[in-house]
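Following: one structure in structure tokens, then a few remarks.
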């Protein structure tokens with residue numbers, strides 16, 4: 097009999113604790129007046145238009161037929177282990193190519209010379225290249241002028 101009375105008292109006590117705790121939690125939380133717009137505005141970080149980190153400048157130029165030009169392409173500081181050097185060539189010629197040599201100081205990054213078509217895009221990926229100025233020498237091997245665009249991406 098003692099066990100039944102003790103069990104009923106414990107059950108009543110537990111029921112009271114549960115009933116009292118639910119309304120407390122409901123009254124403690126205040127609803128926010130949030131709309132989708134206010135949530136989006138609060139989550140968007142304000143960034144200055146003057147500072148754009150890790151953007152490398154694009155270098156462009158025109159190379160006359162059967163001529164060579166030298167350009168300087170800058171690799172700024174970057175995050176990650178590798179960077180890709182991209183060259184895009186455009187020409188009215190349907191045949192021919194361009195010969196590309198990439199070096200920094202006395203170190204050549206191209207294994208020999210890179211050759212690509214006059215209407216083509218070439219990507220070369222490097223592991224841990226150092227930041228700084230790179231010299232790009234491009235020789236036009238076609239009978240028409242070639243417009244080139246170079247950038248570290």
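In this note's numbering, the protein residues as written are 97 to 249.
By construction, the Cβ of each residue, glycine as well, lies at the ideal position given by its N, Cα and C atoms.
| query | Does DSSP put residue 154 in a helix, a strand or coil? | reply | Position 58 of the chain shown holds residue 154. Looking at residue 154 - three-state DSSP - the assignment turns out to be coil, as it is neither helix nor strand.
| field | Own chain residues within Cβ distance below 7 Å of residue 223, not counting five before or after | value | By 1-based counting over the chain shown, the position of residue 223 is 127. By the criterion of a C-beta distance shorter than 7 Å, residue 223 is surrounded in its chain by 177, 178, once the five residues flanking it on both sides are discounted.
| request: Determine the DSSP secondary structure at residue 213, reduced to helix, strand or coil. | output: Counted from its first residue, the chain shown places residue 213 at position 117. Looking at residue 213 - three-state DSSP - the assignment turns out to be strand.
| Buried or exposed: which applies to residue 109, given that a residue is buried once 16 or more other Cβ atoms fall within 10 Å of its Cβ? | Numbered from its first residue, the chain shown carries residue 109 at position 13. Exposed: under 16 other Cβ atoms inside 10 Å.
| said: Can you look up residue 103 in the DSSP assignment and give me helix, strand or coil? | reply: One-based indexing of the chain shown puts residue 103 at position 7. It is helical.
| query | What three-state label does DSSP hand residue 108 in the structure shown? | reply | Start at 1 with the first residue of the chain shown, and residue 108 comes out as number 12. Under the three-state reduction of DSSP output, residue 108 falls in the helix class.
| message | Taking 7 Å as the limit between beta carbons, can you name the residues of its chain near residue 163, skipping five residues before and five after? | response | Start at 1 with the first residue of the chain shown, and residue 163 comes out as number 67. Within the same chain, residue 163 has close Cβ partners 236.
| said: Once DSSP output is grouped into helix, strand and coil, what is the label at residue 114? | reply: Locating residue 114 in the chain shown gives position 18, where the first residue counts as 1. Residue 114 falls in the helix class under three-state DSSP.
| field | Spatial distance of residue 165 from residue 234 (CA atoms) | value | For this step, residue 165 is matched to residue 69 along the chain shown. For this step, residue 234 is matched to residue 138 along the chain shown. Approximately 5 Å between the Cα atoms of the pair.
| message | Considering only DSSP beta bridges, list what residue 252 is partnered with. | response | Since the displayed the chain opens at 97 and closes at 249, residue 252 lies outside it and no answer follows.
| request: May I have the straight-line CA-CA distance separating residue 159 from residue 243, to the nearest angstrom? | output: Within the chain shown, numbered from 1, the residue matching residue 159 stands at position 63. Within the chain shown, numbered from 1, the residue matching residue 243 stands at position 147. Distance between the alpha carbons of residue 159 and residue 243 is about 6 Å.
| query | How big is the Cα-Cα spacing for residue 227 and residue 205? | reply | Translated into positions along the chain shown, residue 227 becomes position 131. Translated into positions along the chain shown, residue 205 becomes position 109. Using only the alpha carbons, I get a separation of about 13 Å.
| said: Quick check on residue 175: does DSSP put it in helix, strand or coil? | reply: On the chain shown, residue 175 is found 79 positions in, with the first residue counted as 1. Secondary structure at residue 175: coil, using DSSP grouped into helix, strand and coil.
| Rounded separation between residue 240 and residue 188 - CA only | Against the chain shown, residue 240 aligns to sequence position 144. Against the chain shown, residue 188 aligns to sequence position 92. Rounded to the nearest angstrom, the two C-alpha atoms are 7 Å apart.
| said: Could you check whether residue 219 and residue 182 sit closer than 8 Å to each other, using their CB atoms as the reference points? | reply: Sequence index remark: in the chain shown, residue 182 carries index 86 (1-based). Sequence index remark: in the chain shown, residue 219 carries index 123 (1-based). Cβ atoms of residue 182 and residue 219: closer than 8 Å.
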